[in-house]
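Enquirer: In my numbering, the protein residues as written are 2 to 437.
Ideal Cβ placement from N, Cα and C applies to all residues, glycine included.
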Amino acid sequence: MQVVNTIPCELMHQPPIEVIYLQSYFTKSTPPCYKYIITKKELKTQLQITKSKRKMGWTWKEEHLDLFLVPLGLWIMCTYHLFLLFRYLKHPQLTAIGFENNNKNGWVRKTLLIEPKDRGFALGVLNGQLAASTSLSSISLVLCSLIGAVLGNSSDNYLTDRFILGDTSKSTSAIKYIMILSCFLLAFACFVQTTRHFVHAGFLISMPAGDVPVECIQKAVIRGSNFWAVGLRALYFATTLLLWIFGPVPMFVGAIEPKDRGFALGVLNGQLAASTSLSSISLVLCSLIGAVLGNSSDNYLTDRFILGDTSKSTSAIKYIMILSCFLLAFACFVQTTRHFVHAGFLISMPAGDVPVECIQKAVIRGSNFWAVGLRALYFATTLLLWIFGPVPMFVGAVATVMILHFLDINKQPMIGYGTNKSSNSVVGAVAQNGRN
């Protein structure tokens, strides 16, 4: 009897991890999968090399990026919001949330000074925020369902294996989706509470000949505003965590940006409704594209009818670029909604004394977010044509540029708006237009 040690032929060109011990007589009928025969001495040498490699210590892998960058990014965002909470509790006048709540307190007091029959504008302002909160709560719940579906039907795909720098294991992917799902659920709960409190405030403000204490109405409005702020912050977290799907590096880069953008003063309920609708469309499309990206497979269309590169790598790049544009559009429209919601409170304040410059600054900010969000949608629309090949994408890009050039270029001279003492506040501006 001869004692030999063999390795399967598929492991001949790989470092041996598990060596099969066989004690047998080798004849001409030896199975072909055991052709590579080594001596016992060679076997011991290879086992010692393997053990020495394992004892060399910790080695860097791509999966370790998730252990470093993701907790660091979450720590940055949590630290910032804890700092913002501390500053709001100690010095509310130095935060945008405290500034807005102070304006809303004044709005309630000024509104109660006029006759109940003339408070229709106040209900319109509350209805604007009700529309925004219900829209965002609907988005959050729809996204919870979509993410749950993706989580339940996720499978290995080309994108996670080739393009994502970081841990692509199923356990890490499940953690990603669960955290995003938790943020959207929190946002949904907060927006529902916002709706509840503003509906109650609407009943109190519109009560005819009522004797409702001012503090009671202020409490309802402030509570609704606080839930609104928390819901928006939950969406900010969810947006950052969505970047984690593409790896820890994009997530970390997205986490280092949050900052308090100061005053939120705005414009009209019509544009508020438009911004919430577009943000809804943008984020729903993000989820749909993410679902397509996670469950993409070869199909007849890409193989036969698309003129261009139909490889999996190119398809993954297409979806990533489209998804990035829709995420940017969603973030911009959420900020537009935030500014325009508070705008209604300030502009409709009866007998208010809000500086015109402050409102002008806020209007420009809201308009800039609106413009950037629209441009992101233009880019996303052009990139969507890339799915059908480079030729439709190129034609769409040329057509979009021509149309936008016609719409964007202004040849009319700027209108000069005169300023005087009577128009340095909302009261003066309203008086000039004959609205008070």
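Return the CA-CA distance between Met322 and Lys177, expressed in angstroms with no decimal places.
Expert: If you take the alpha carbons of Met322 and Lys177, they lie about 20 Å apart.
Enquirer: Pop quiz: Val215 and Arg110 are said to be a contact at Cβ under 8 Å. What is the actual Cβ separation, rounded to whole angstroms?
Expert: Their Cβ separation, rounded to whole angstroms, is 6 Å, which keeps Val215 and Arg110 in contact under 8 Å.
Enquirer: With DSSP run on the structure shown, which of helix, strand or coil describes His198?
Expert: helix
Enquirer: Near Ala400, what residues of its chain come up, given a Cβ to Cβ distance below 7 Å and the 5 sequence neighbours on each side ignored?
Expert: none
Enquirer: Starting from the C-beta of Leu233, find all residues in its chain whose C-beta is less than 7 Å away, skip the five residues before and the five after it, and write them out in chain order.
Expert: Close CB contacts of Leu233 within its chain, under the 7 Å cut and outside five residues either way in sequence, are with Val335 and Arg339 (chain order).
Enquirer: Alpha carbons only, please: which of Leu205, Ser207 and Leu242 is nearest the one belonging to Phe1?
Expert: No information on residue 1 is available, as it lies outside the stretch 2 to 437 that the chain covers here.
Enquirer: Gly125: buried (16+ other C-beta within 10 angstroms of its C-beta) or exposed?
Expert: exposed
Enquirer: Terminal residues of the continuous alpha helix (DSSP H) containing Glu218?
Expert: Note that residue 218 is Ile in the sequence shown, not Glu. Segment Val215 to Trp245, the alpha helix (DSSP H) holding Ile218.
Enquirer: From Glu258 to Leu86, what does the alpha carbon distance come to, in whole angstroms?
Expert: Low confidence applies to Glu258: its pLDDT is 48, below 50, so where it sits in the model is not reliable enough to give any reading.
Enquirer: Secondary structure at His340, three-state DSSP: helix, strand or coil?
Expert: DSSP, read as helix, strand or coil, puts His340 in helix.
Enquirer: Compare the beta carbon distance of Ile206 and Ile218 with 8 Å and say whether it is the shorter of the two.
Expert: yes
Enquirer: Under the assumption that Ala221 contacts His198 (Cβ atoms under 8 Å), give the Cβ distance between them as a whole number of angstroms.
Expert: 5 Å
Enquirer: Rounded to the nearest angstrom, what separates Tyr320 and Ser183 at their Cα positions?
Expert: 25 Å
Enquirer: What do you reckon, are the CB atoms on Ile181 and Ala230 nearer than 8 Å?
Expert: no
Enquirer: Starting from the C-beta of Leu386, find all residues in its chain whose C-beta is less than 6 Å away, skip the five residues before and the five after it, and write them out in chain order.
Expert: Pro393, Met394 and Gly397
Enquirer: Quick one: using the 10 Å Cβ neighbour count with 16 as the cut-off for buried, is Trp245 buried or exposed?
Expert: buried
Enquirer: Determine the burial state of Ser170: buried for a count of at least 16 other Cβ atoms within 10 Å of its Cβ, exposed for fewer.
Expert: Exposed is the label assigned to Ser170, since fewer than 16 other Cβ atoms lie within 10 Å of its Cβ.
Enquirer: For Asn227, which residues from the same chain have a beta carbon less than 6 Å from its beta carbon, with the 5 sequence-adjacent residues on both sides left out?
Expert: Nothing meets the Cβ criterion.
Enquirer: Mind checking Cys79: buried by the 16 CB within 10 Å criterion, or exposed?
Expert: exposed
Enquirer: Using three-state DSSP, classify Leu114 as helix, strand or coil.
Expert: coil
Enquirer: Nearest by alpha-carbon distance to Ser368: which of Thr383, Phe341, Ala381 and Ile388 is it?
Expert: Phe341
Enquirer: Is the distance from the Cβ of Ala330 to the Cβ of Leu378 below 8 Å?
Expert: Result yes, Cβ atoms of Ala330 and Leu378 sit closer than 8 Å.
Enquirer: Using the three-state DSSP reduction, which class does Ile318 fall into: helix, strand or coil?
Expert: helix
Enquirer: Assuming Ala188 and Gly225 are in contact, meaning their beta carbons sit under 8 Å apart, how far apart are those beta carbons, in whole angstroms?
Expert: That belief does not hold up - the Cβ atoms of Ala188 and Gly225 are roughly 15 Å apart, past 8 Å.
Enquirer: How should Asn104 be labelled, buried or exposed, when 16 other C-beta atoms within 10 angstroms of its C-beta is the threshold for buried?
Expert: buried
Enquirer: Excluding sequence positions up to five away, which residues of its chain have a Cβ less than 8 Å from the Cβ of Arg88?
Expert: Leu95 and Thr96
Enquirer: Using a Cβ-Cβ cutoff of less than 6 Å, which residues in the same chain neighbour Trp76 once the five nearest sequence positions on both sides are dropped?
Expert: none
Enquirer: Count the other CB atoms within 10 Å of the CB of Thr315; is the residue buried (16 or more) or exposed (fewer)?
Expert: exposed
Enquirer: Excluding the five sequence neighbours on either side, which residues of its own chain have a C-beta within less than 7 Å of the C-beta of Ile388, listed in chain order?
Expert: Lys319
Enquirer: With 16 other CB atoms within 10 Å as the buried threshold, where does Phe407 fall?
Expert: exposed
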